[in-house]
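Colleague: The sequence shown maps to residues 1330 to 2203 in our numbering.
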Amino acid sequence: MTQWVYLFSEGSKEQKGLLGGKGANLAEMTKLGLPVPTGFTVTTDACLCYLNQGNVLTEEMKGQIIQAVDQLAEKTQKAFGDAENPLLVSVRSGSKFSMPGMMDTVLNLGLNDQTVETLARNSQNERFAYDCYRRLLQMFGDVVMGIDNQKFESRITALKKVHQLEFDNELTAEHWKQIVTEYKEIYRQNIQREFPQDPIEQLYLAIEAVFGSWNNQRAKTYRRLHDISDDLGTAVNIQEMVFGNFGETSGTGVVFSRNPSTGEPGLFGEYLINAQGEDVVAGVRTPKPIQTLADDLPEQYQQLKTICENLEKHYKDMQDVEFTIEREKLFILQTRNGKRTSKATITILLDMFNEGLITEDELVMRLEAKDLEASLHPSFQEETLKNRVPFLTGLAASPGAAVGAAYFTADSATLAKARGEKVILVREETSPEDIEGIAVSEAVVTARGGMTSHAAVVARGMGICSVVGCEALTMEEDQGIVGGETIQEGTILSVDGTTGSVYFGEISLEELSNTVALDDLHEIWDRHAKFQVRANAETPKDIETAMALGATGIGLARTEHMFFEKSRLLQFRRLILADSLNERLEVLKHLKQVQKDDFKFIYQAAQGKATTIRLLDPPLHEFLPKNNDECREVAKDLGKTFNEVKRKTDNLAETNPMLGFRGLRLGVAYPEIYQMQGEAIIEAAYEVMNEQGYEIQPEIMIPFTIDAEEFARVRESIETAIQTSLAQYEQEINYQIGTMIEIPRACLVADQIAKYADFFSFGTNDLTQMVLGLSRDDSPRIVTQYLEAGIMQDDPFQVLDEDGVGAMMKIAIEKGRQVKPDLKIGICGEAAAHPKSIAFLNQLPINYISCSPFRIPQAKMTLAQHGVKSLIKQ
């Protein structure tokens, strides 16, 4: 017989797949002796069986549920429908992975027309009893029977309006009795039958509803966005009710063991006095900060604080804890690893490592690429902010900054995103149905709710900035009102989720936020990595960013990028259009000083770290005018005739320039260009060494090599110029001259090229292009077709093609190392930094990869994780 039901006392935290995360943790806390209301879990296997067999609970399942209810009654000394001591339970979903707000909950199950009177008599609180009953009717009608929740809410709103009341807790027992009567009539009208009075019937229907909610649209969307399998199912947790709405010595709340936005240690959360749990997470009332509980109920606050600290130590992770206090008695309803921002994740893991709670290996393996990427959230430029005053403020629920157009529904936000707009979702409060709208938004702003409301939790989990609880904001049907200001659909807003401020209009964003210090991680990652990670960068700003993000050096500084500025472009055109060697040399004198200044900036920004500078690579025609009008303009600027410029431009035009007159071929035809660059590189290095005190060994890279003799000739030409330049200095400079391997023939003759080259650097873009016969500029359409057809598994320009490009690289490495066992080998290009590519490259004897600055942390982390895994295997 299959066991479909487990008492909390029978399970453990290791059974998340079977009991769901919530059920496994309830079982674990029960084992730890924490004050957990007793209960049982119907398994995820039961859910999958239910969904696969026509949405029917089997008799065997029902039998085990009844048996568990009987055991629950025995433990609590209460019974379903008992006239003296009725058992009331909550019914909550709980999948393996946390999906906050995505599935369904029913509270106070077991109440009916008879037991509500018993509850009122036993509690001596008629208002409390009928408040519980109306909550059951509302949740049951909404969750189990699918009645629009607004039909229920509108009755409360209307009643408060009639009696001029502002809050739900101002309603009296008589008010709630009236609401109960109205709710039962809403139920009868919509379902065509009476609300079920039998608690067992209520329970079966509620379990079926929770199982069914696994396939509701918002849950499917959440799983798709968070890469959670549809095949896991949800468990159902049936638990004795405890009541936070029992008066002023009762309450309920959600607390994190650390701040989920910043990672700062200490309790962070909210609670409501005289409320049930759904009131907090739904954002219906704005709760109090958890610290004020120390004044309201100091003994319970200290007990909660101790429990949270112990749970964090037990699970070795920040905990998200739901609790209820019933007449001064604390109960823990749930714990789970808390969702937090990416910045907070990094801070928390580092703090836990420094506290000795986790090991260095655990720290490395628990970091995720998405956290590193999202931790560098944009922020507003400080200078701009000084002159701006927010028109709206709220709780800073999820950090970062965003600019976009305001939209008030998930549907309108989704449509605006499809039109290409950046969207700010503005709501009174978000509900799980808004998941699609949140997912497409740059930021979320709500009028109500706290730091643990649905909007805050979901936005934090998605890395979307969010400001909640903006109490000055009043939402109407198609606009928002803040004092005398109106937010219309399409109004441009700037939202600061770090400070909780909202501004009218667009505020400039900084590309990189320096609020996350990665320095501590770099040292740890480097200890576990097999090779280094350098940066593709040539501007001082990019190099500074690369250094801040952990680059061990510059693997590729592209000199052609330095000539596209207008005044430089004119001089370079003068060089290309020169009619004689003397004319070219005259231009090169000026360009040498320009290049020398460029290289000095690069060396200074790199602060003495290894720097590889690639000599001019692209076809000359890229620098020339594209049409007759441009030819006339260039001719005028250079003092030449239109015909001279046009003739030279036409002569340099190429049918397939990517395979034409570029790279090292320029060095053969115009050796003076590469000589000038070589001299500028060495002289810049010498001056920075003497001015800054850095130790610099210039690495000069010649691109597009296909032949050893070709490379040797150009190298000799460059070295002749360098030696002449060095003669003016008293000290020697050690330098290396290597080549970029980006043509298949170069791989096949790598042993011959290695005789003259000091290092190899694979150019993955061009090598992929030539090995696959795919233009890197024209490939997207072809690659998309091949991916859709299943011919390719990945875009080869994003993930290294192991069987083709990888095989060529292996040949070149093996041949090169046969000649020079210590030959330095690097891999350049974005594909090299992809986690799948790193898994392949980790098997090769290379020295470094080089990628764009923002991909460096992820590449280093992935390398370190491979290092830890390899040690575990040993």
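In this text, a Cβ means the ideal position worked out from N, Cα and C, and glycines have one as well.
Helix, strand or coil for residue 1341, going by three-state DSSP, please let me know.
Modeller: By one-based count along the sequence shown, residue 1341 stands at place 12. Looking at residue 1341 - three-state DSSP - the assignment turns out to be coil, as it is neither helix nor strand.
Colleague: Identify the residues that DSSP records as bridge partners of residue 2166: which are they?
Modeller: Locating residue 2166 in the sequence shown gives position 837, where the first residue counts as 1. For residue 2166, which the question treats as bridged, DSSP gives no partner whatsoever.
Colleague: Please name the residue in 1912, 2063, 1674 whose C-alpha comes closest to that of residue 2014.
Modeller: Counting from 1 along the sequence shown, the entry for residue 2014 is found at position 685. Comparing Cα positions, the closest option is 2063.
Colleague: For the beta strand (DSSP E) containing residue 1794, name the first residue and the last one.
Modeller: Here residue 1794 corresponds to residue number 465 of the sequence shown, with the count starting at 1. From DSSP, the beta strand (DSSP E) with residue 1794 extends over 1794-1797.
Colleague: Run through the DSSP bridge pairs and tell me what residue 1565 is partnered with.
Modeller: Working through the sequence shown from its first residue, we reach residue 1565 at position 236. Residue 1565 is bridged to 1371, 1422.
Colleague: Taking the C-alpha atoms as reference points, what is the distance between residue 1659 and residue 1367?
Modeller: Here residue 1659 refers to the residue found at position 330 of the sequence shown. Here residue 1367 refers to the residue found at position 38 of the sequence shown. About 14 Å.
Colleague: Terminal residues of the continuous alpha helix (DSSP H) containing residue 2056?
Modeller: For the purposes of this step, residue 2056 is identified with residue 727 of the sequence shown, where counting begins at 1. Residue 2056 -> no alpha helix (DSSP H), and no H or E assigned at all.
Colleague: Tell me the residue span of the beta strand (DSSP E) that contains residue 1830.
Modeller: Here residue 1830 corresponds to residue number 501 of the sequence shown, with the count starting at 1. Residues 1830-1833.
Colleague: From residue 1909 to residue 2110, what distance separates their C-alpha atoms?
Modeller: As a first step, residue 1909 is located in the sequence shown; it is residue number 580 there, counting from the start. As a first step, residue 2110 is located in the sequence shown; it is residue number 781 there, counting from the start. Going by the C-alpha atoms only, they are around 44 Å apart.
Colleague: According to DSSP, is residue 2197 helix, strand or coil?
Modeller: Position 868 of the sequence shown holds residue 2197. Note: residue 2197 maps to helix in three-state DSSP.
Colleague: Residue ranges of each beta strand (DSSP E) run of no fewer than 3 residues wholly in the region 1572-1658, ordered along the chain?
Modeller: Fully enclosed beta strand (DSSP E) runs of 3 or longer: 1580-1587, 1594-1602, 1648-1655.
Colleague: CB-CB under 7 Å to residue 2077, same chain, minus the five flanking residues each way: which ones, in chain order?
Modeller: Start at 1 with the first residue of the sequence shown, and residue 2077 comes out as number 748. The answer, listed in chain order, is 2140.
Colleague: Please name the residue in 2082, 2070, 1489 whose C-alpha comes closest to that of residue 2099.
Modeller: For this step, residue 2099 is matched to residue 770 along the sequence shown. The option with the nearest alpha carbon to residue 2099 is 2070.
Colleague: Roughly how many whole angstroms lie between the Cα atoms of residue 1438 and residue 2196?
Modeller: Taking the sequence shown and counting its residues from 1, one reaches residue 1438 at position 109. Taking the sequence shown and counting its residues from 1, one reaches residue 2196 at position 867. Their backbone Cα atoms lie some 52 Å apart in a straight line.
Colleague: Return the first residue and the last residue of the alpha helix (DSSP H) that residue 1298 is part of.
Modeller: What the structure shows of the chain is the stretch from 1330 to 2203, and residue 1298 is not part of that stretch, so it cannot be assessed.
Colleague: Which class does residue 1953 belong to by DSSP, given the choice of helix, strand or coil?
Modeller: To locate residue 1953, count along the sequence shown from 1; it is residue 624. Reduced to three states, the DSSP call for residue 1953 is coil.
Colleague: Over the uninterrupted alpha helix (DSSP H) stretch that includes residue 1478, give me the two end residues.
Modeller: Here residue 1478 refers to the residue found at position 149 when the sequence shown is read from its first residue. Its alpha helix (DSSP H) spans residues 1478-1491.
Colleague: Taking Cβ to Cβ, would you say residue 2142 is nearer than 8 Å to residue 1875?
Modeller: Numbered from its first residue, the sequence shown carries residue 2142 at position 813. Numbered from its first residue, the sequence shown carries residue 1875 at position 546. Not closer than 8 Å, so no.
Colleague: Mapping DSSP to helix, strand and coil, what is residue 1838?
Modeller: Working through the sequence shown from its first residue, we reach residue 1838 at position 509. Correct three-state label for residue 1838: strand.
Colleague: If we call anything under 8 Å between Cβ atoms a contact, is residue 1373 one with residue 1347?
Modeller: The count along the sequence shown starts at 1 and reaches residue 1373 at position 44. The count along the sequence shown starts at 1 and reaches residue 1347 at position 18. Yes; because the gap between Cβ atoms is below 8 Å, this pair is in contact.
Colleague: Do you know whose CA, among 1968, 1467, 1458, 1539, lies nearest residue 1501's CA?
Modeller: The count along the sequence shown starts at 1 and reaches residue 1501 at position 172. Closest option to residue 1501, Cα to Cα, is 1458.
Colleague: By the 10 Å Cβ neighbour count, where 16 or more other Cβ atoms means buried, how is residue 1573 classified, buried or exposed?
Modeller: Numbered from its first residue, the sequence shown carries residue 1573 at position 244. It is buried - the Cβ of residue 1573 has at least 16 other Cβ atoms within 10 Å.
Colleague: Quick check: the Cα distance between residue 1897 and residue 2173, rounded to an integer number of angstroms?
Modeller: The sequence position of residue 1897 within the sequence shown is 568, counting from 1. The sequence position of residue 2173 within the sequence shown is 844, counting from 1. Each residue's Cα considered, the two are about 41 Å apart.
Colleague: DSSP on residue 2003, reduced to helix/strand/coil?
Modeller: Here residue 2003 refers to the residue found at position 674 when the sequence shown is read from its first residue. DSSP places residue 2003 in helix when its eight states are reduced to three.
Colleague: Assuming residue 1725 and residue 1828 form a contact by the criterion Cβ under 8 Å, report the distance between their Cβ atoms to the nearest whole angstrom.
Modeller: The sequence position of residue 1725 within the sequence shown is 396, counting from 1. The sequence position of residue 1828 within the sequence shown is 499, counting from 1. 6 Å between Cβ atoms; contact.
Colleague: Using CA atoms only, rank isn't needed, just tell me which of 1914, 1965, 1399 is closest to residue 1529.
Modeller: Along the sequence shown, one-based indexing puts residue 1529 at 200. Considering only alpha carbons, the answer is 1399.
Colleague: Taking DSSP's pairing of strands, which residues face residue 1724 in a bridge?
Modeller: Counting from one through the sequence shown, the residue named residue 1724 turns up at place 395. DSSP, once it has assigned bridges, lists 1797 as partnering residue 1724.
Colleague: Tell me the rounded alpha-carbon separation between residue 1844 and residue 1676.
Modeller: Residue mapping note: residue 1844 aligns to position 515 of the sequence shown, counting from 1. Residue mapping note: residue 1676 aligns to position 347 of the sequence shown, counting from 1. For residue 1844, the predicted structure reports a pLDDT of 43, less than 50, and the residue's modelled location is therefore unreliable. The matter cannot be settled from this model.
Colleague: For the candidate residues 1912, 1632, 2093, whose alpha-carbon lies nearest to that of residue 2160?
Modeller: In the sequence shown, residue 2160 corresponds to position 831, counting from 1. The option with the nearest alpha carbon to residue 2160 is 2093.
Colleague: Is it true that the CB of residue 1629 sits closer than 8 Å to the CB of residue 1657?
Modeller: By one-based count along the sequence shown, residue 1657 stands at place 328. By one-based count along the sequence shown, residue 1629 stands at place 300. In contact: residue 1657 and residue 1629 (Cβ atoms closer than 8 Å).
Colleague: For residue 1567 and residue 1354, I'd like the C-alpha separation in whole angstroms.
Modeller: Within the sequence shown, the letter at position 238 stands for residue 1567. Within the sequence shown, the letter at position 25 stands for residue 1354. Each residue's Cα considered, the two are about 14 Å apart.
Colleague: Any contact between the region 1748-1766 and the region 1719-1735? By contact I mean 3 or more CB pairs, one from each, below 8 Å.
Modeller: Touching, yes.
Colleague: What is the rounded straight-line gap between the Cα of residue 1842 and the Cα of residue 1836?
Modeller: Residue 1842 sits at position 513 when you count from the first residue of the sequence shown. Residue 1836 sits at position 507 when you count from the first residue of the sequence shown. Its pLDDT being 46, under 50, residue 1842 is placed unreliably by the model, and nothing is read from it.
Colleague: Quick one, which of 1939, 1818, 1958, 1586 has its alpha-carbon nearest residue 1805's?
Modeller: Position 476 of the sequence shown holds residue 1805. Taking only the C-alpha atoms, the option nearest residue 1805 is 1818.
Colleague: Who does residue 1734 pair with in a DSSP beta bridge?
Modeller: For the purposes of this step, residue 1734 is taken as residue 405 along the sequence shown, with counting starting at 1. DSSP output for residue 1734 lists 1752, 1821 as bridge partner(s).
Colleague: To which residues of the same chain is residue 1455 closer than 6 Å at the C-beta, ignoring the five residues directly before and after it?
Modeller: For the purposes of this step, residue 1455 is identified with residue 126 of the sequence shown, where counting begins at 1. Contacts found: 1449, 1502.
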